[in-house]
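All remarks here apply to the structure that follows.
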Amino acid sequence: MRLEEPVTDLRTQPVRTQPVRTQPVRTQPVRTQPLAELSAAGVAVWLDDLSRARLRSGNLADLVRTASVVGVTTNPSIFQNALSSGEDYDEQVLDLALRGTGVGEAVRALTTYDVRWACDVLRDVYERTDGTDGCVSIEVDPRIARDRRRTVAEARALWWLVDRPNLFIKIPATVEGLPAITETLAAGISVNVTLIFSLERYEAVMEAFLTGLERAAANGHDLRGIASVASFFVSRVDTEIDARLDKLGRPELRGRAALVNARLAYAQYERVFDSARWQELARRGARPQRPLWASTGVKDPAYDDTRYVVELVAPGTVNTMPEATLSAVADHGVVRGDTIAGTYDEAEAILGELRQAGIDYDDVVRRLEEEGLQKFEDAWNSLLDSVAGQLERARVQAEVPS
Numbered sequence: 000m001r002l003e004e005p006v007t008d009l010r011t012q013p014v015r016t017q018p019v020r021t022q023p024v025r026t027q028p029v030r031t032q033p034l035a036e037l038s039a040a041g042v043a044v045w046l047d048d049l050s051r052a053r054l055r056s057g058n059l060a061d062l063v064r065t066a067s068v069v070g071v072t073t074n075p076s077i078f079q080n081a082l083s084s085g086e087d088y089d090e091q092v093l094d095l096a097l098r099g100t101g102v103g104e105a106v107r108a109l110t111t112y113d114v115r116w117a118c119d120v121l122r123d124v125y126e127r128t129d130g131t132d133g134c135v136s137i138e139v140d141p142r143i144a145r146d147r148r149r150t151v152a153e154a155r156a157l158w159w160l161v162d163r164p165n166l167f168i169k170i171p172a173t174v175e176g177l178p179a180i181t182e183t184l185a186a187g188i189s190v191n192v193t194l195i196f197s198l199e200r201y202e203a204v205m206e207a208f209l210t211g212l213e214r215a216a217a218n219g220h221d222l223r224g225i226a227s228v229a230s231f232f233v234s235r236v237d238t239e240i241d242a243r244l245d246k247l248g249r250p251e252l253r254g255r256a257a258l259v260n261a262r263l264a265y266a267q268y269e270r271v272f273d274s275a276r277w278q279e280l281a282r283r284g285a286r287p288q289r290p291l292w293a294s295t296g297v298k299d300p301a302y303d304d305t306r307y308v309v310e311l312v313a314p315g316t317v318n319t320m321p322e323a324t325l326s327a328v329a330d331h332g333v334v335r336g337d338t339i340a341g342t343y344d345e346a347e348a349i350l351g352e353l354r355q356a357g358i359d360y361d362d363v364v365r366r367l368e369e370e371g372l373q374k375f376e377d378a379w380n381s382l383l384d385s386v387a388g389q390l391e392r393a394r395v396q397a398e399v400p401s
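Numbering (numbering that gives the first Met the number 0), first residue to last: 0 to 401.
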């Protein structure tokens, strides 16, 4: 495992509101009615994408204004795609090269610049919703996801670097990450808990959240300023279990696991946030940790491309969508109101059928977590390699010694 230098206390330049160079993000016109209906049903619509081209072109601001988008999530893959395309980062890369900045620090300077800008675009939403929405997420280095102390240290550094109240620090929900989540919340830092696949781990995530808020209160933090979401991954569950069902000769059970897994997670959410322990925190100004449906882009073309949105509608949830899914919902999504209430008995029965068919649920979620972390690590290493190459080319062009 390759590790570059850690994040240091380096604030980047203020965000420019006028573009230097821009390559417009090309998108299809977005209808507003289905997305507005989602919002009215209690689902916060977030965009799972960010790039400097999207920021400079005004596309993100347009989606906020016209398409009910009230939040943004990022991950290493998103930044890798953004930084390897076009010339939008060239000027900042040159500045970093001229200053002799190392690759690890350069990556954080580039990514936090975009996240800070996005936070500013969404600041009005944050103020209008009293801090419930209008937030942007940035992830800790995924290579340290199993190192509690380093995760907390990087969370603090990212919070300082972006320096916006409407920021979420994304921390993977590994076993080792759970105490890091608690410590980060206890420091008054808002957290997006990511890579949740199992019902058991989600229960532990909510415990880490409650403990973190209790410690934050003991540390003198105002609980009204601390927010959290729990990112429960959806489509990857179907992808893994469908492949196993095909090998078992049980194709009639395909495409059922992801939705029932998420619906049972929502049942857990309702139970925990109806507890006396939560009510005590709520009286002190705390807001609940909302379930966030992540990985909602459909991987199997046989399935409707809006299913992981319209089939997971319930009050107090978030759905973060890649742009293709956002456009699909806007174009032909049918929002039928709450599609989770009253489904819990059926969901339990379907999970039971899957187990009887030979699906080892614990093995599935363990494998998905390991694969998810590996994908993020691979994307992070690719990002480091890409930025290293850009820095070297900039140094050569500027005739700066390496």
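C-beta atoms are modelled at their ideal positions from N, C-alpha and C, and glycine is treated no differently.
Check, Outcome
"How far does the alpha helix (DSSP H) with GLY103 in it extend, from its first residue to its last?", "102-120"
"Determine which residues share a DSSP beta bridge with ALA293 and list them.", "PHE232"
"Could you name the residues of the same chain whose beta carbon sits closer than 6 angstroms to that of ILE339, not counting the 5 residues immediately before and after it, in chain order?", "ARG262, TYR265 and ALA313"
"Can you grab the Cα-Cα spacing for the pair VAL29 / ASP132, in whole Å?", "Bear in mind that the predicted position of VAL29 carries a pLDDT of just 48, short of 50, making it too unreliable to give a figure here."
"Which full runs of the beta strand (DSSP E) of 3+ residues lie inside the stretch 267-336, going along the chain?", "289-293 and 316-320"
"Less than 8 angstroms between the beta carbons of SER234 and GLY296, yes or no?", "yes"
"Would ALA215 and ASP237 qualify as a contact pair, given that the criterion is a beta-carbon distance under 8 angstroms?", "no"
"How would you write the range of the beta strand (DSSP E) that ALA43 sits in, first residue to last?", "42-46"
"How far does the alpha helix (DSSP H) with ASN74 in it reach, from first residue to last?", "Unbroken run through ASN74: none, as it is neither H nor E."
"Among THR324, ARG223, ARG51 and LEU350, which has the Cα closest to the Cα of ASP113?", "ARG51"
"Go ahead and label GLN396 buried or exposed: buried means 16 or more other beta carbons lie within 10 angstroms of its beta carbon, across all protein chains shown.", "exposed"
"Secondary structure at ASN80, three-state DSSP: helix, strand or coil?", "helix"
"Within the continuous alpha helix (DSSP H) that includes ILE180, where are the two ends?", "176-185"
"Assign GLU408 to one of three DSSP states: helix, strand, or coil.", "This structure gives no information on residue 408, because the portion of the chain shown stretches from 0 to 401."
"Within the same chain, show all residues whose beta-carbon is closer than 6 angstroms to that of TYR125, passing over the 5 residues directly before and after it, in chain order.", "GLY133 and ASN165"
"Leaving out five residues on either side along the sequence, give the residues of the same chain with a beta carbon under 6 angstroms from the beta carbon of GLY211.", "THR181, LEU184 and ALA185"
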